[in-house]
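Here the structure comes first, spelled out in structure tokens, and everything after it is commentary.
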Amino acid sequence: MTYSTVSIVAQSEGGMEIDSPNVASKPLKRHSYWRFLVTFAVLLVAAELLLHLAEWMHHRLWVFLQSTETSLVAANLFAALTNGVFTFLAVAGLFIFIEWRQLRFSNFRARYRDGLVYSLTALCISILVQAAAFNLLRLSEVQPLFAADDLAPVLVIFPVLYLLILGLMEYWLHRALHYYDFLWRFHAIHHQIEELNAARSYSHFGQDIIYILLITMPLVLLVDAPQQHVMLVTTFYIISNYYMHSDAPALSFPLPFRHIVADNVYHHQHHTIEARHIGKNFASFFSFFDRIFGTQYMPENGEFPKTGIEGYPPVTSLREYMLRPFGPKA
Numbered sequence: 173m174t175y176s177t178v179s180i181v182a183q184s185e186g187g188m189e190i191d192s193p194n195v196a197s198k199p200l201k202r203h204s205y206w207r208f209l210v211t212f213a214v215l216l217v218a219a220e221l222l223l224h225l226a227e228w229m230h231h232r233l234w235v236f237l238q239s240t241e242t243s244l245v246a247a248n249l250f251a252a253l254t255n256g257v258f259t260f261l262a263v264a265g266l267f268i269f270i271e272w273r274q275l276r277f278s279n280f281r282a283r284y285r286d287g288l289v290y291s292l293t294a295l296c297i298s299i300l301v302q303a304a305a306f307n308l309l310r311l312s313e314v315q316p317l318f319a320a321d322d323l324a325p326v327l328v329i330f331p332v333l334y335l336l337i338l339g340l341m342e343y344w345l346h347r348a349l350h351y352y353d354f355l356w357r358f359h360a361i362h363h364q365i366e367e368l369n370a371a372r373s374y375s376h377f378g379q380d381i382i383y384i385l386l387i388t389m390p391l392v393l394l395v396d397a398p399q400q401h402v403m404l405v406t407t408f409y410i411i412s413n414y415y416m417h418s419d420a421p422a423l424s425f426p427l428p429f430r431h432i433v434a435d436n437v438y439h440h441q442h443h444t445i446e447a448r449h450i451g452k453n454f455a456s457f458f459s460f461f462d463r464i465f466g467t468q469y470m471p472e473n474g475e476f477p478k479t480g481i482e483g484y485p486p487v488t489s490l491r492e493y494m495l496r497p498f499g500p501k502a
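Note that the working numbering has the sequence shown beginning at 173, numbered continuously upward.
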């Protein structure tokens, strides 16, 4: 039995250099649709190639470990950790390159270092927890309700249906993270980030574990190995976490597209420190879920407001990142 995971994912206008893009800015000029389509076609193809490379490396490493008579559990775990770290660095690096080229930053270390450290910490812990959960399923001989290979008659609509279910589940879990104090303790680590960008989009490992238990595992039990059927749609969903937190204006959607799919401009409104945007834009993929449930704020092009939490300063060390949710209430 095979289990698959679920997302464990321009120069400024006028040529001016931008030291900190994560502040309120004037709307940009209307998008060129051709430029938008070409940019995202290149982005998706590059991401798809990187994910295929990660999968190839994962398989080759697993085969090598098996040849050294490493135990199956250890081989799977080490290969998964290596694959996860490479995928993160490759995909996050893709967006870092785009941000750096477009916005001409001068201080790489201050902009990205803490995000990379905290993200890698959360990633490794999450992979360990997910591997333990999958091993428990295998030992329990629990079978998924459906196998993707058996869904050929509905293959055309399966990718969209799968992403709709995933998007709806994430929308309501995201709202719960804001509503319940215990869950907010973990989610606040994500919202306290100032100057949000593709690499500085980390969450607390406790939040990642909640997602594994309440979204990843139920979907794994529903459908076995769906990724091979979703293709580039899944590629976009895997990279969407880095994409939505990117502050590169060249990656934002033309406004009509934003009414269907959430982009980086749309998601930055959810992170804004401004009180008028609190409780808005929870959707992580399909923005129309916010419209349906009355939580939507539709921004203009180029709105990248200041982010963070008033009176809740960002974490400043790995120790604080690990322990803050267990301390005084945020």
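The C-beta atom is built at its ideal place from N, Cα and C for all residues, glycine as well. If you're wondering where the values come from, they're calculated on a predicted model, not measured in any experiment.
Under 8 Å by Cβ, that's how I've got residue i and residue j pegged, so tell me the actual separation to the nearest angstrom.
i, j, result
"GLN302", "TYR484", "Going by Cβ atoms, the distance from GLN302 to TYR484 rounds to 29 Å, so no, they are not a contact pair."
"LEU223", "ILE410", "7 Å"
"VAL289", "LEU490", "6 Å"
"PHE258", "MET229", "6 Å"
"MET432", "PHE460", "According to the sequence provided, residue 432 is Ile. The question's Met does not apply to it. Correct: roughly 6 Å between the Cβ atoms."
"ASN255", "ALA226", "5 Å"
"ILE337", "LEU355", "Actually they do not touch by this definition, with Cβ atoms about 21 Å apart."
Please determine, among the options, the residue with the shortest C-alpha to C-alpha distance to residue i.
i, options, result
"ALA219", "ASN248, VAL257 and ALA264", "ALA264"
"ARG285", "ILE411, LEU215, ALA370 and VAL210", "ALA370"
"ILE361", "ARG496, GLY256, LEU221 and GLY451", "ARG496"
"GLU342", "LEU317, ASN248 and ASP462", "ASP462"
"LEU309", "LEU391, GLN379, THR488 and TRP228", "LEU391"
"GLN468", "LEU237, LEU249, LEU386 and PHE454", "PHE454"
"ARG232", "LEU215, ASP419, LEU221 and PHE250", "PHE250"
"VAL300", "ARG283, LEU333 and ASN248", "The sequence as given places Leu at residue 300; Val does not occur at that position. Checked all of ARG283, LEU333 and ASN248; the closest Cα to LEU300 is ASN248."
"HIS442", "TRP234, GLU472, THR388 and PRO477", "PRO477"
"THR388", "PHE212, GLU313 and ALA305", "ALA305"
"ALA282", "LEU292, LEU368, HIS431 and ILE384", "LEU368"
"LEU385", "SER298, GLU366, PRO486 and HIS431", "SER298"
"ILE270", "THR254, GLU227 and TYR414", "TYR414"
"LEU215", "LEU253, ALA252, MET494 and ALA262", "ALA262"
"GLY287", "ASN473, PHE260 and GLN274", "PHE260"
"GLY474", "PRO500, HIS417, THR488 and PRO421", "PRO421"
"ALA447", "VAL210, GLU482, GLU472 and PRO331", "GLU482"
"SER412", "LEU335, PRO500, LEU253 and TYR352", "LEU335"
"MET416", "ILE268, LEU237, ASN279 and TRP344", "ILE268"
"TRP344", "TRP206, LYS452 and SER291", "LYS452"
Is it true that the CB of residue j sits closer than 9 Å to the CB of residue i?
i, j, result
"LEU394", "PHE318", "yes"
"ALA375", "HIS359", "Note that residue 375 is Ser in the sequence shown, not Ala. Yes. Within cutoff."
"ASP380", "LEU295", "yes"
"GLY480", "ILE445", "yes"
"GLY378", "SER456", "no"
"ARG357", "PHE498", "yes"
"GLU313", "PRO486", "no"
"PRO316", "ASP419", "no"
"VAL235", "ASN307", "no"
"TYR493", "THR293", "yes"
Taking only beta-carbon positions, decide if residue i is within less than 9 Å of chain B.
i, result
"ASP462", "Although the question refers to chain B, the structure presented lacks it and comprises just one protein chain."
Three Cβ pairs or more, each shorter than 8 Å: is that satisfied between the segment 437-446 and the segment 236-243? no
- Message: Which runs of the alpha helix (DSSP H) at least 4 residues long sit entirely within the segment 190-276? Give them in chain order.
- Response: 205-239 and 244-275
Contact the segment 342-352 vs the segment 424-431: 3+ CB pairs below 8 Å:
no
Taking only runs of the alpha helix (DSSP H) that begin and end inside the segment 295-358, which ones reach a length of at least 4 residues, in chain order? 330-351
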